[in-house]
Structures are given as structure tokens and as C-alpha cells.
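In what follows, a structure is listed as C-alpha cells, so that the remarks can point back to it.
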Amino acid sequence: MGLLTKHREHMDALAIVKTHYQPVQPSVQPSGLVSYLELAPDPRLQLYIHCYWQLKTNNPLKEPFVYRVVADGCIDVFFEPGQSQESFVMGFCKQYTEFELDRTFNYVGIRFLPTMFPRLFNVDAASLSNRTEPLAAVVPSMASFLGSCFTPDVSIEHVQLQLDTYFLHHMVQVNSVTDLRLYNALATIIKRSGTLNVEKDIDCGISPRQLRRLFKFYIGDTAKTFSKIVRFQQVLRTGASFYDAGYYDQAHFIKDFRHFSGVTPKERAL
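Residue 271 is where the sequence shown ends in this note's numbering, and the numbering goes up by one at each step.
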């Protein structure tokens, strides 16, 4: 009974993030030249992986393509099928990031929900924060799999199936310990849409120093920074006004929105 209770608590803790946090990345402009697609993983993986995604050109472009990734609190792995050296991991980023891509490309990615990449691969999230690293230097076994399993013309449906198989097999080998105190803190932040005083409103039974250590390892930054991104994501998803998002003045709201997305709310609406 004790093991059953512990397992239930473990799964409930993981479900906190999946249930209450749905990170958003803006779709590309509908020119027909570039497309962006998100696919759900196997249901057994959905507590860990938010989505698989594909960003690709449908026709060669006349000039390099600049793709903007907004801050979402997640860690992504991405690769080009058939290119054995082209797999990378992008850590937690506290602001938007721009990538200048070639005139033709086909990137596939795995977006891990917050805390899940460190849980599954025992990687310190802080070591990846605000940077993109070759996956071979971080998780060599995954880099080897991605580099050898796909051809350049592989369908995204086949990629989805193969990724599901790989991660389900990997899950069997993982024996990570769930710190319920971390997930209680995450629940407070996410359920309040990031609108809170981190020092005063989070009471999860551990010291501020311990909480900072847990957030650094599993998220990649502080609880305060993560809260700001959760609040930004809530605005991005719902279109909430600055007042509804907990801001006291519009100038601060616009500054934060530009910092996390690269554009102002007005520019995004155009």
C-alpha cells in the first residue's frame, strides 16, 4: 500500500505541469513557403513531452529565414532528419531567441515540459540555460539514435512513431526521484499564472536556498524568472490585458512582452 501511495503521489506531481501549463510557440506567417506543425506524443509520454514539432520549407526560399523562439520555460531537442551531426538541445531561455536558417530546411523537435528533460536524462538544466548545445555533448545516446534512424525524406508521422518508441523504451530505464516540494511550488506558480510574490506566496516546506537549488537543476533558472515566463505565456495564450496579467502599468507589460517574444503586443497582433 505504501508503494502504491508513493506511485500515485509521483504521478500526481508530474501531472501538475501537464494539466495546468500549455506552453505556446507562435506559428509562422501563412506564406505557404514555410510550415510549422505540432504533434502530440504517445499518451504514456504526455506527462513528460509537450509535443513533437516540425519546421520546414515547402519550397526553396529566396533568402535565409529568421525564426524567432519565444520564452516558454521548456527545454527542446531538435534535429534535421538524415543529418547525423545536426542535433541540438536548447535549454531554458529567459528571453526570446532568433535562429537564422538556410533557404531550405527541415527541423524536427521534441519539446519537453518544464523539469522533464533533467528528470529523464539526469542533466543539470542550469548547464544548458540560455544556450544551444550539440546534443552529442549532452546525451550522446539520443544524438546517436537521431543521427542514424531517419532519412532526409522521412515523413513526420514515421518520426513521431520512432520517437514514441525510443522514449517509451528509455522511460523503463529511468528511476528518478520526485521531489514533491518542487512540484508543489510549480503548482502554486502555474495555477496563479505566474502572478505572485515568489518569496511570500510559495510555501512548500523547504528553505529558499533549497528551492533555488531545485529550480536551477530542474528548470534552469530561478522560481522568479520561471514565474515571469508563466505569466507571459498566459498572456500569449489568452490575449489577457496588462491589468488581467497582474501588471500595474502598461509600459512594464510591453517591456516584458518584448523581452520574452521579440515584439510588442501591438506588433504581434498585426
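Virtual Cβ for every residue (Gly too), placed ideally from N, Cα, C. Quantities reported herein were computed from a predicted structural model and do not represent experimental measurements.
{"Item": "Candidates Ala-14, Leu-102, Leu-129, Asp-73, of which the one nearest Val-90 by Cα", "Value": "Leu-129"}
{"Item": "Which of helix, strand or coil DSSP assigns to Arg-269", "Value": "helix"}
{"Item": "Reference Phe-122; option with closest CA among Glu-64, Glu-134, Val-139", "Value": "Val-139"}
{"Item": "Residue burial classification, Asp-154 (beta-carbon count within 10 angstroms, cutoff 16)", "Value": "exposed"}
{"Item": "Arg-259 - containing alpha helix (DSSP H), residue span", "Value": "251-262"}
{"Item": "Contiguous alpha helix (DSSP H) assignments of at least 4 residues, all confined to the region 132-169", "Value": "141-150"}
{"Item": "Proximity winner among Arg-45, Ser-32, Val-71, relative to Pro-61 (alpha-carbon distances)", "Value": "Ser-32"}
{"Item": "Alpha-carbon spacing of Met-2 relative to Met-12, whole angstroms", "Value": "Any reading at Met-2 must be qualified, since the residue scores a pLDDT of 43, below 50, and its modelled position is unreliable; no value is offered."}
{"Item": "His-21 and Lys-229 closer than 8 Å at C-beta", "Value": "no"}
{"Item": "Completely contained alpha helix (DSSP H) runs for the region 86-131, where each covers 4 or more residues", "Value": "117-122"}
{"Item": "Minimum C-alpha distance to Leu-181 - residue among Leu-215, Asp-257, Gln-174, Thr-58", "Value": "Leu-215"}
{"Item": "6 Å Cβ shell around Val-70 - same chain, five flanking residues per side excluded", "Value": "Thr-98"}
{"Item": "Backbone secondary structure at Val-71 - three-state DSSP", "Value": "coil"}
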